[in-house]
Amino acid sequence: FLYRFIKYLTWPEDQGIAAFRICVQGDSLVTAPLEEIARERSAKGRPLTVVRAVVPQAFADCHLLFLPGGETLPERVTAATLTGVVTVGDHPAHAAAGGAITFASVSGRLRFRIHVGALARAGVTASSQLLGLAIIESA
């Protein structure tokens, strides 16, 4: 699910991206399945790489940065550091911390919220198709 966001997002340097980097902060159960997907699939015709990002300096090289289970960005990581990085989380506090996409359970179904301000700060745009599937958060 996570890697599919790439198809519907556009980065400023989209045409020059050789491989899309999906980073996961800390240890997460999604890392192994993502690594398997990266070996078997591509996004926008380009390979996927999955990186366990534990050092904040590595975050700037990510296209998607997954912050599992309430993980937050270290205070020393600024919005400028994350230009072009879409942060994705699965905890309600992710949105309040400035995250761009947050998974949520709504009426027993997995949905996602897109925080358009956070996407704009990252310099990334979402397609109308993705926005049509999302719960839009403007604040």
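Just so we're aligned: the sequence shown equals residues -14 to 124 in this note's numbering. We treat Cβ as the ideally placed atom computed from N, Cα and C, and that holds for glycine.
Beta-carbon gap between Arg98 and Leu49 smaller than 9 angstroms: no
Ile86 versus His76, Ala45, Ala43, Pro(-3), residue with shortest Cα-Cα distance: His76
Selected residue, minimal CA-CA separation from Gly69, among Ala80, Asp12, Thr110: Thr110
Spatial distance of Gln114 from Tyr(-7) (CA atoms): 7 angstroms
Host alpha helix (DSSP H) of Ala78 (start-end): 78 to 81
Residues bridged to Gln114 (per DSSP): Answer is none; Gln114 lacks a bridge partner.
Secondary structure of Glu122, DSSP reduced to three states: strand
Classification of Gly74 by the beta-carbon crowding that lies within 10 angstroms, buried from 16 upward: buried
Residue from Val101, Arg37, Ala81 with nearest C-alpha to Ala119: Val101
Per-residue burial, Gln10 [other beta carbons within 10 Å of its own, 16 or more giving buried]: buried
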